[in-house]
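Here our numbering is used: position 161 in the sequence shown is 219, and no number is missing along the way.
All C-beta atoms in this analysis are idealised placements derived from N, C-alpha and C, irrespective of residue type, glycine included.
First comes the structure, then the notes that go with it.
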Amino acid sequence: MTDPLQNELPPSSERTLDQNEVARFAAIADEWWDPNGKFRPLHALNPARLTFVRDQICTHFDLDSRDLKPFEGLKIIDIGCGGGLLCEPLSRLGAAVTGIDPAEDSINAARAHAEAQGLKIGYRADRVENLVADGERFDAVLALEVVEHVPDVPAFLGVAADLVRPGGLMLLSTINRTLKSYALAIVGAEFILRWLPVGTHRWDRFVTPAELSDACSQADLQEVSRKGLVFDPLEGSWRLSSDTDVNYLMSASRPG
């Protein structure tokens with residue numbers, strides 16, 4: 059799949075996006091909302107991820123998570139939104155949500171699903187660089203399950219952080235680069251359990267918490283919190299944990 063926006067961007071933008079990754083996800087875009095399809099792991103992860111996102115945003119902006127729409131008045135963007143699995147619940151929590159993804163097929167799937175649910179979400183087949191150039195700023199910027207798919211994490215965060223307004227929050231999730239993550243996230247999830255298509259992840263692109271925190275610092279963001287995500291085989295669900303050996307989440311704030 060050719061990115062029609064590529065020619066508008068400087069060559070350095072190739073460090074923040076892998077066109078092969080875009081094409082691979084675009085090819086299965088019609089399965090985004092199938093809970094038993096190729097995106098089944100993301101559907102399973104979503105409740106735990108959303109708990110972290112909700113709690114971090116509510117704490118940071120002094121909001122009451124018990125409110126029906128605690129995010130009312132906040133502008134939130136989800137980078138690499140795919141089919142909108144995070145955008146829709148964020149919209150239901152009251153936020154004005156923008157979702158961007160370079161794969162137009164994924165954006166079309168997200169837009170169609172949101173319209174069917176009666177949700178107003180600003181979906182754009184676009185790249186972070188273009189929003190930064192337009193002067194866009196948000197209270198909270200999300201990039202969940204994204205940084206392990208980009209060629210240069212510090213370069214990507216250096217651009218994405220410009221979307222965070224002073225006093226705003228960045229929320230990230232990714233996979234640690236450990237032997238345990240290779241065994242579970244690649245060998246187990248892709249080759250044995252077949253939770254993911256083979257080739258979904260590259261172990262050399264996994265990011266340690268220290269590396270991610272350092273990349274945030276380089277982008278003038280200060281780490282606030284980190285949590286692990288672990289799978290409970292007995293319950294068949296994911297939960298937040300102090301164990302960051304494989305999956306983990308991080309929040310970081312912009313001063314001001």
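By the criterion of at least three beta-carbon pairs nearer than 8 Å, the segment 221-238 is not in contact with the segment 91-102. Apart from the 5 residues on each side of it in sequence, P128 sits with its Cβ closer than 7 Å to the Cβ of C116, L121, D122, L151 and G152 in its chain, given in chain order. According to DSSP, T74 shares a beta bridge with no other residue.
For the pair A167 and L287, the Cα-to-Cα distance works out to about 27 Å. At least 9 Å separates the beta-carbon of V190 from that of I135. Closest option to A310, judged by alpha-carbon separation, among L279, S299 and R297: L279. A distance below 6 Å between beta-carbons, with the five flanking residues on each side excluded, links T266 to the following residues of its chain, in chain order: N234 and R235.
One Cα belongs to R169, the other to D163, and the distance between them is close to 10 Å. Judged by pairs of C-beta atoms under 8 Å, the segment 192-211 does not touch the segment 289-297, as fewer than three such pairs exist. For the pair E187 and A218, the Cα-to-Cα distance works out to about 8 Å. In this chain, the beta strand (DSSP E) harbouring N305 covers N305 to S311. Here R284 really is in contact with T302; their C-beta atoms are around 6 Å apart, less than 8 Å. S149 sits in a helix when the DSSP states are folded into three classes.
Taking each of L144, L221, R182 and E269 in turn and checking the Cα distance to L100, the smallest one comes out for L144.
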